[in-house]
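Sequence order for the protein chains is A and B. The working numbering applies: residue 24 is where the first sequence begins, and numbers increase by one. The working numbering applies: residue 24 is where the second sequence begins, and numbers increase by one.
Protein chains: 2
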Amino acid sequence: MNKQELIETINRKKSFLCVGLDSDISKIPSHLLSFQDPIFEFNKAIIDATLPYAVAYKPNLAFYESLGWKGLKSLEKTVAYIRLKKEKVFLIADAKRGDIGNTSKQYALSFFGNIDERLNYDAVTVAPYMGEDSVSPFLSFKNKWVVLLALTSNKGADDFQLLTSNGKRLFEHVLESSKKWGNDQQMMYVVGATKAEMLGNIRKIVPDNFLLIPGVGAQGGSLDAVVKYGMNNDCGLLVNASRSIIYASNNTDFAKRAGQEAAAIQKEMARYL
Amino acid sequence: MNKQELIETINRKKSFLCVGLDSDISKIPSHLLSFQDPIFEFNKAIIDATLPYAVAYKPNLAFYESLGWKGLKSLEKTVAYIRLKKEKVFLIADAKRGDIGNTSKQYALSFFGNIDERLNYDAVTVAPYMGEDSVSPFLSFKNKWVVLLALTSNKGADDFQLLTSNGKRLFEHVLESSKKWGNDQQMMYVVGATKAEMLGNIRKIVPDNFLLIPGVGAQGGSLDAVVKYGMNNDCGLLVNASRSIIYASNNTDFAKRAGQEAAAIQKEMARYL
Chain A
24 MNKQELIETI
34 NRKKSFLCVG
44 LDSDISKIPS
54 HLLSFQDPIF
64 EFNKAIIDAT
74 LPYAVAYKPN
84 LAFYESLGWK
94 GLKSLEKTVA
104 YIRLKKEKVF
114 LIADAKRGDI
124 GNTSKQYALS
134 FFGNIDERLN
144 YDAVTVAPYM
154 GEDSVSPFLS
164 FKNKWVVLLA
174 LTSNKGADDF
184 QLLTSNGKRL
194 FEHVLESSKK
204 WGNDQQMMYV
214 VGATKAEMLG
224 NIRKIVPDNF
234 LLIPGVGAQG
244 GSLDAVVKYG
254 MNNDCGLLVN
264 ASRSIIYASN
274 NTDFAKRAGQ
284 EAAAIQKEMA
294 RYL
Chain B
24 MNKQELIETI
34 NRKKSFLCVG
44 LDSDISKIPS
54 HLLSFQDPIF
64 EFNKAIIDAT
74 LPYAVAYKPN
84 LAFYESLGWK
94 GLKSLEKTVA
104 YIRLKKEKVF
114 LIADAKRGDI
124 GNTSKQYALS
134 FFGNIDERLN
144 YDAVTVAPYM
154 GEDSVSPFLS
164 FKNKWVVLLA
174 LTSNKGADDF
184 QLLTSNGKRL
194 FEHVLESSKK
204 WGNDQQMMYV
214 VGATKAEMLG
224 NIRKIVPDNF
234 LLIPGVGAQG
244 GSLDAVVKYG
254 MNNDCGLLVN
264 ASRSIIYASN
274 NTDFAKRAGQ
284 EAAAIQKEMA
294 RYL
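This is the structure we're talking about:
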């Protein structure tokens with residue numbers, strides 16, 4: 024999906040909600056465990072219930088990999104299921120990858136290079152520590168995106184991301200350097216909602232890029248602050264909620280409750296658009 | 024495998040060689056493609072040929088993930104195959120993971136938490152950008168190791184890792200902060216062989232930790248310089264070679280040639296021990 028299509032989707036749905044599919048076998052409703060592929064059943068129901076309110080989905084690879092190759096199979100089925108929907112959605116592999124060029128190229132193939140186009144994502148999250156040649160292999164695919172970690176939502180973000188060098192903090196160096204690696208049609212940035220007060224400064228460096236904002240919901244960030252400091256003329260935001268939606272209930276009404284949670288967030292988002 | 028066992032293995036085999044299993048379906052000998060699981064056949068032959076000379080193996084996850092769930096299955100079979108060997112080897116998942124605590128915990132389960140102990144690794148490579156709580160979930164498993172990226176072997180290492188803050192470069196901050204997160208029985212560091220001249224300074228910060236050194240071989244680093252600046256009383260080094268060993272030949276003699284390459288490196292290593 025290219026930038027224009029993403030903006031159109033946001034305007035049509037009056038939503039910039041990304042639903043995080045952090046589907047944890049130990050947290051999904053127990054009645055699903057009798058299915059042959061419980062994680063896929065869970066994801067299908069969550070997707071069906073939330074699709075009217077979401078413009079993006081973000082499977083978190085860790086939760087699938089922890090189930091071994093069977094988890095990856097559940098994930099592939101989930102991706103194909105999303106792609107079968109008539110509605111176009113923006114699909115982010117939350118994988119935090121990044122390695123030497125020769126290896127990043129293989130990761131890029133994992134997410135963008137499948138000969139079955141239905142199994143490809145639109146974007147992948149990438150960690151910046153290894154620099155340009157660890158990121159650029161992901162940027163060689165047309166209409167595919169890198170979502171680069173800039174300022175993350177967790178406590179450990181303070182350990183290195185806020186170190187100051189030559190008057191700029193590390194995450195500001197990451198923003199400034201990386202915007203030369205790819206343009207705003209192919210680069211987004213992760214900025215945690217818990218750091219919303221920093222969004223004003225971030226917008227000065229990357230005024231036109233989309234930002235992926237985790238940390239609303241279970242992690243405690245505020246949508247109001249995110250919009251106030253982070254929104255641009257294109258909207259420019261994808262706000263992710265995972266646990267607060269997908270685990271709204273752990274009973275047989277889980278999908279309905281997830282839909283209600285997503286609808287409530289979408290309603291709030293519509294006010295800002 | 025704990026530190027003492029690793030040191031004993033190094034002394035017994037007179038080797039600190041790690042063989043990188045960057046097994047690429049587009050590079051393995053074509054006669055293997057007729058097998059039901061070509062990557063597994065390739066790995067088995069490489070392992071059998073190199074095991075007398077190697078103390079560690081390092082599958083690079085990207086090359087398996089790029090084949091989808093089937094690639095992960097080939098990898099699981101490879102790990103089980105290594106664990107069936109009578110000789111204990113140190114097994115590193117080269118995955119460069121790292122995410123918020125809740126997610127890193129899932130990644131840690133992927134590599135260390137399998138109920139079938141044969142499918143667990145000894146170590147996983149982790150990226151430091153997200154700080155302590157992205158790393159600590161990997162440190163809660165007994166006799167399991169984090170191999171944290173410090174100074175990598177690629178060109179992009181210069182983009183951020185060498186930025187200076189408060190008189191120290193970013194990779195030095197990573198070393199100094201992270202050595203408080205876990206001790207030298209559970210933390211190793213990645214330092215590229217292409218940066219061997221920096222090893223002297225790195226040893227001042229982490230005198231007792233093992234270092235995983237990629238970049239010898241295809242990337243052009245020198246074993247002599249690595250040993251000169253990086254070796255400590257325990258040896259303290261695992262030097263990785265991937266492509267120069269596993270692709271020494273792309274013909275039916277590939278395993279024999281891989282064994283010869285590994286033997287040549289082991290012979291050189293024995294001189295330093």
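Virtual Cβ for every residue (Gly too), placed ideally from N, Cα, C.
Residue environment, B:L56, which counts as buried when at least 16 other CB atoms sit within 10 Å
Walking along the second sequence from the start, residue 56 of chain B turns up at place 33. Its Cβ having fewer than 16 others within 10 Å, B:L56 is exposed.
From the beta carbon of B:Y144, is the nearest beta carbon of chain A less than 7 Å away?
For the purposes of this step, residue 144 of chain B is taken as the residue at position 121 of the second sequence. For B:Y144, the answer is no, since every Cβ of chain A falls outside 7 Å of its Cβ.
Looking at the unbroken alpha helix (DSSP H) that takes in B:D45, where does it start and where does it end?
Taking the second sequence and counting its residues from 1, the one referred to as residue 45 of chain B is at position 22. Looking at the DSSP string, B:D45 is not in any alpha helix (DSSP H), and its letter there is neither H nor E.
Going by the CB atoms, is the gap between A:G253 and A:L234 shorter than 7 Å?
Here the question's residue 234 of chain A lines up with position 211 in the first sequence. Here the question's residue 253 of chain A lines up with position 230 in the first sequence. Contact: yes.
Residue from A:N189, A:G282, A:Y212 and A:Y144 whose Cα sits closest to the Cα of A:L174
In the first sequence, counting from the first residue as 1, residue 174 of chain A sits at position 151. Ranking the options by Cα distance to A:L174, first place goes to A:Y212.
Any beta carbon of chain A sitting closer than 7 Å to that of B:F183?
In the second sequence, counting from the first residue as 1, residue 183 of chain B sits at position 160. At a cut-off of 7 Å between beta carbons, B:F183 contacts chain A.
Answer yes or no: do A:V169 and A:V149 have a C-beta to C-beta separation smaller than 7 Å?
Residue mapping note: residue 169 of chain A aligns to position 146 of the first sequence, counting from 1. Residue mapping note: residue 149 of chain A aligns to position 126 of the first sequence, counting from 1. A contact, by the Cβ cut-off of 7 Å.
B:L44 CB to nearest chain A CB: under 7 Å?
Counting from 1 along the second sequence, the entry for residue 44 of chain B is found at position 21. No, B:L44 does not count as interfacial toward chain A.
Rounded separation between A:N177 and B:N177 - CA only
The residue labelled residue 177 of chain A in the question sits at position 154 within the first sequence. The residue labelled residue 177 of chain B in the question sits at position 154 within the second sequence. Using only the alpha carbons, I get a separation of about 28 Å.
Touch test, the segment 258 to 265 of chain B against the segment 42 to 49 of chain B, Cβ-Cβ under 8 Å, three pairs minimum
Contact between the segment 258 to 265 of chain B and the segment 42 to 49 of chain B is present: three or more C-beta pairs spanning the two stretches fall below 8 Å.
Beta-carbon neighbours of A:S8, restricted to chain B and to distances below 7 Å:
The question about residue 8 of chain A has no answer here: the residues shown for chain A are numbered 24 through 296.
Nearest to A:L246 (by Cα), restricted to the options A:E220, A:N125 and A:Y270
As a position in the first sequence, residue 246 of chain A is number 223, starting the count at 1. For A:L246, the closest alpha carbon among the candidates A:E220, A:N125 and A:Y270 is that of A:E220.
Go ahead and pull the three-state DSSP assignment for B:S89.
Against the second sequence, residue 89 of chain B aligns to sequence position 66. Residue state, collapsed to three classes: coil.
Tell me, which residues are paired with A:Y252 by DSSP?
As a first step, residue 252 of chain A must be located in the first sequence, where it is residue number 229. Note: A:Y252 sits in no beta bridge, so no partner.
Thinking C-alpha only, which one of B:G91, B:A180 and B:Q209 is nearest B:E195?
The residue labelled residue 195 of chain B in the question sits at position 172 within the second sequence. Residue B:A180 holds the alpha-carbon nearest to the alpha-carbon of B:E195 among B:G91, B:A180 and B:Q209.
Evaluate A:G223 with the Cβ neighbour count: other Cβ atoms within 10 Å of its Cβ, from every protein chain shown; 16 or more gives buried, anything less gives exposed.
Mapped onto the first sequence, residue 223 of chain A falls at position 200. Counting every other CB atom within 10 Å of its CB across the protein chains shown gives A:G223 a total below 16, marking it as exposed.
For a contact meaning CB atoms closer than 9 Å, what does A:M153 contact in chain B?
The residue labelled residue 153 of chain A in the question sits at position 130 within the first sequence. Result: K119, A150, L172, T175, N177, G179, A180, D182, F183 and Q184.
Identity of the residues DSSP links to B:S188 by a beta bridge:
Stepping through the second sequence from its first residue, residue 188 of chain B is reached at position 165. According to DSSP, B:S188 bridges with B:K191.
Could one say the Cβ of B:Y270 lies closer than 7 Å to chain A's Cβ atoms, at least one of them?
Working through the second sequence from its first residue, we reach residue 270 of chain B at position 247. Judged by the 7 Å Cβ criterion, B:Y270 is not in contact with chain A.
Taking any Cβ of chain B, which residues in the segment 77 to 111 of chain A have a Cβ under 7 Å from it, in chain order?
If the cut-off is 7 Å between Cβ atoms, the segment 77 to 111 of chain A has N83, A85, F86, E88, S89, G91, W92, L95, K96 and E99 near chain B.
What does DSSP give as the partner residues of A:D117 in its beta bridges?
Here residue 117 of chain A refers to the residue found at position 94 of the first sequence. Beta-bridge annotation (DSSP): A:D117 is paired with A:N83.
Put A:I62 into one of helix, strand or coil per three-state DSSP.
As a working mapping, residue 62 of chain A is identified with position 39 in the first sequence. Correct three-state label for A:I62: helix.
Option nearest B:A79 by Cα separation, candidates B:S272, B:Q209, B:I228 and B:A116
Translated into positions along the second sequence, residue 79 of chain B becomes position 56. In this structure, B:A116 is the residue among B:S272, B:Q209, B:I228 and B:A116 with its C-alpha nearest to the C-alpha of B:A79.
Entirely enclosed beta strand (DSSP E) segments - the segment 149 to 213 of chain B, minimum 3 residues
Segments of the beta strand (DSSP E) lying fully in the segment 149 to 213 of chain B: 168 to 174.
Against chain A, with Cβ distances strictly below 7 Å, would B:Q129 count as a contact?
The residue labelled residue 129 of chain B in the question sits at position 106 within the second sequence. So, interface residue.
Identify the continuous alpha helix (DSSP H) that holds B:I269 and give its terminal residues.
Locating residue 269 of chain B in the second sequence gives position 246, where the first residue counts as 1. That run of the alpha helix (DSSP H) goes R266 to I269.
A:V197 touches chain B at which residues, Cβ-Cβ below 9 Å?
The sequence position of residue 197 of chain A within the first sequence is 174, counting from 1. What A:V197 touches in chain B: Y152, D182 and F183.
Would you check if the distance between the CB atom of A:S188 and the CB atom of B:T187 is smaller than 7 Å?
For the purposes of this step, residue 188 of chain A is taken as residue 165 along the first sequence, with counting starting at 1. For the purposes of this step, residue 187 of chain B is taken as residue 164 along the second sequence, with counting starting at 1. Contact check for A:S188 against B:T187 passes: the beta carbons are separated by less than 7 Å.
Do B:G94 and B:Y104 have their C-beta atoms within less than 7 Å of each other?
The count along the second sequence starts at 1 and reaches residue 94 of chain B at position 71. The count along the second sequence starts at 1 and reaches residue 104 of chain B at position 81. In this structure, B:Y104 does not lie closer than 7 Å to B:G94 by Cβ.
Who are A:G244's beta bridge partners in DSSP?
Looking up residue 244 of chain A in the first sequence gives position 221. A:G244 is bridged by DSSP to A:V239.
What is the rounded straight-line gap between the Cα of B:T32 and the Cα of B:Y76?
Start at 1 with the first residue of the second sequence, and residue 32 of chain B comes out as number 9. Start at 1 with the first residue of the second sequence, and residue 76 of chain B comes out as number 53. Between B:T32 and B:Y76, the C-alpha separation is close to 11 Å.
To the nearest angstrom, report how far apart A:Q289 and A:K36 are at their CA atoms.
Your numbering for residue 289 of chain A matches position 266 in the first sequence. Your numbering for residue 36 of chain A matches position 13 in the first sequence. For the pair A:Q289 and A:K36, the Cα-to-Cα distance works out to about 9 Å.
So B:D122 contacts chain A; which residues on that side make the cut at Cβ distance below 7 Å?
Within the second sequence, numbered from 1, the residue matching residue 122 of chain B stands at position 99. Here the neighbours are A85 and K119.
Roughly how many angstroms separate the alpha carbons of A:T126 and A:A271, rounded to a whole number?
Numbered from 1 along the first sequence, position 103 holds the residue referred to as residue 126 of chain A. Numbered from 1 along the first sequence, position 248 holds the residue referred to as residue 271 of chain A. Spanning the two alpha carbons is a distance of roughly 38 Å.
How would you label B:S163, buried or exposed, when you count the other beta carbons within 10 angstroms and need 16 or more for buried?
As a first step, residue 163 of chain B must be located in the second sequence, where it is residue number 140. Counting Cβ neighbours within 10 Å, B:S163 comes out exposed, since fewer than 16 surround it.
Give me the subset of the segment 210 to 239 of chain A whose CB atoms are less than 7 Å from a CB atom of chain B, sorted by chain position.
Those would be none; no residue qualifies.
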